[in-house]
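Have a look at the structure below before the remarks.
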Amino acid sequence: MKIWGLRRTFSFVIMDGKSISAKILNDLKDEISSLKMKNYTSSVPTLGYLVNSSNAGSFIYYKKKEKTCHSIGIDTIGYDVIGKNDISELYGHINYLNANTAVNGILVQLPIFPGANEAEILDKVSLEKDIDGLTRKNMGMLFMKNSEPLFYPCTALGVFELIKSYGINPRGLHTVIIGRSNLCGLPLFSMFQKANSTVTMCHTATQNLKQITSQADILVSAAGKANLIREDMVKDGSIVIDIGINKINTGEKSLIVGDVDYERVREKTKFITPVPGGVGPMTIAMLLKNLVKAWKRAQNF
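Numbering-wise (the UniProt record's numbering), the sequence shown opens with residue 1 and increments by one.
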């Protein structure tokens, strides 16, 4: 019997990406220090970067990555291409960083040039230094059966590290992913499949979104649309991963929110990520984890 006006609520767990990423970064810091002492080397993991500081949001995000690098013993070297739009010069910078044996990983902070072919630019990064995991070779290996990329894309890897930290096994579960970007949706589609989850991908042309999301054991939203996911779109006791980052104006101030109507949806879930403080901090942690992996490969540690 259904009693109108009542709804079932769960004792939900907030998945704290901030604290988990802090532990990962602290472990990386200890690992770098330990390997340097053990191998009597002055070598340190080094990030090569390309950034365009004319894009304020992108530059702020890069500076956050740079600050995190320095806090755990990682060096940075690179170029700010502000005021330039010469693709051949950009390729020259990438080639220099590829050839520089002191550089272990390369970050092209997007967007880099207005109207630039980002896939072509990213493909100039050598496979061994593609710590963002976004070259066609790495992405291709990600989708091949019985194959793994050298580096997993950072946000997708962050999602998996997060669910692993909470003891969640996707095997046999129905995962619904909203969004099909190279950064999030497409890598997650392959990774959940390889984890033996049954995966449904939704996008801008998807019909009956509510009908699909309400069947999800794991719902991942990377649509970039504030409050897209309402409580009536979520299955009772589900796991909700919110990758969306959206700025909304309340009249008095601007707020950063995800794709999920967090306050209403959370009471129907078993696990849920907040925005901010959920997947976001994990992305930077995974970038640096990939960088340390590249450094260890280069040093034969």
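Note that beta-carbon positions come from the ideal geometry of N, C-alpha and C, so glycine has one too.
Bear in mind the structure is a predicted one, so any value in this text is a computation, not a measurement.
- With a 10 Å radius around its C-beta and 16 neighbouring C-beta atoms as the bar for buried, classify R266 as buried or exposed. Buried.
- Query: Given that a residue counts as buried once 16 or more other Cβ atoms are within 10 Å of its Cβ, and exposed if not, what is G5?
  - Reply: Confidence at G5 is low in this model, with a pLDDT of 45, below 50, so its placement is unreliable and the value that follows should be read with caution. The residue in question, G5, is exposed, as its Cβ has fewer than 16 Cβ neighbours within 10 Å.
- Item | the segment 156-173 in contact with the segment 184-195 per 3-pair CB rule at 8 Å | Touching, yes.
- Query: Considering L47, what are the terminal residues of the beta strand (DSSP E) in which it resides?
  - Reply: Counted as a single uninterrupted DSSP element, the beta strand (DSSP E) harbouring L47 occupies residues 46-51.
- Message: Whether or not the segment 76-92 and the segment 126-136 are in contact is what I'm after, with contact meaning three or more pairs of Cβ atoms, one per stretch, closer than 8 Å; do they touch?
- Response: They do not touch, by the three-pair rule.
- G57 lies in the alpha helix (DSSP H); which residues open and close that run? It spans 56-71 - the alpha helix (DSSP H) in which G57 sits, taken as one unbroken run.
- From I106, P274, R230, I121, pick the residue whose C-alpha is nearest to that of residue 308; which is it? Summary: the structure shown does not reach residue 308, with the chain confined to residues 1 through 301, and so no result is reported for it.
- Message: Strictly by DSSP, which residues pair up with Y152?
- Response: In the DSSP output, where bridge partners are listed per residue, Y152 has none listed.
- Go ahead and pull the three-state DSSP assignment for K18. In the structure shown, K18 sits in a helix (DSSP, three-state: H, G or I).
- Determine the direct distance from the alpha carbon of E66 to that of Q109, and round the result to whole angstroms. So the alpha carbons of these two residues sit roughly 11 Å apart.
- Message: Using the Cβ count rule (16 or more neighbours within 10 Å means buried), how would you classify K2?
- Response: Only weak support exists for where K2 lies, its pLDDT of 39 falling under 50; the coordinates are left without a value.
- Item | N249: first and last residue of the uninterrupted beta strand (DSSP E) it sits in | Segment 246-249, the beta strand (DSSP E) holding N249.
- Taking three-plus beta-carbon pairs below 8 Å as touching, is the segment 258-277 in contact with the segment 224-244? Output reads yes: the segment 224-244 touches the segment 258-277.
- Query: Are I20 and P281 close, meaning C-beta to C-beta below 9 Å?
  - Reply: Remark: C-beta atoms of I20 and P281 approach each other more closely than 9 Å.
- Helix, strand or coil for S214 per DSSP? Three-state DSSP puts S214 in coil, outside helix and strand.
- Return the CA-CA distance between M286 and L47, expressed in angstroms with no decimal places. Roughly 13 Å separates the two Cα atoms.
- Reduced DSSP secondary structure (H/G/I, E/B, other) of Y96: Helix.
- Message: In the DSSP output, what is I256 paired with across the bridge?
- Response: According to DSSP, I256 bridges with K247.
- Message: Tell me the rounded alpha-carbon separation between A298 and F192.
- Response: Their Cα atoms are separated by approximately 30 Å.
- Task: Please report the Cβ distance between N98 and S126, rounded to the nearest whole angstrom; I am assuming they are in contact, meaning their Cβ atoms lie under 8 Å.
- Result: 5 Å between Cβ atoms; contact.
- Query: Nearest to L228 by CA position, among K210, I218, A216, is which residue?
  - Reply: Looking at the Cα atoms, K210 is the closest of the given residues.
- Less than 9 Å separating the beta-carbons of I94 and I77? Note that the C-beta distance between I94 and I77 is not below 9 Å.
- Item | Start-to-end residues for the beta strand (DSSP E) that takes in M201 | Here the beta strand (DSSP E) through M201 covers 198-202.
- Task: Please work out which residues of its chain come closer than 6 Å, Cβ to Cβ, to G179, disregarding the five sequence neighbours upstream and downstream, and give them in chain order.
- Result: Around G179: G185, A222, A223.
- Item | Own chain partners of I284 with C-beta closer than 6 Å, once the 5 adjacent residues on each side are dropped | Contacts found: K65, T68.
- Cβ neighbours of K137 in the same chain (closer than 6 Å, five flanking residues each side left out): Only L127 meet the Cβ criterion.
- Message: Using only the alpha-carbon positions, how far apart do V257 and G17 sit?
- Response: Computed Cα separation, rounded: 15 Å.
- Candidates P170, K164, K194, H203: which alpha carbon is nearest S181's? Taking S181 as reference, the option from P170, K164, K194, H203 with the minimal CA-CA separation is H203.
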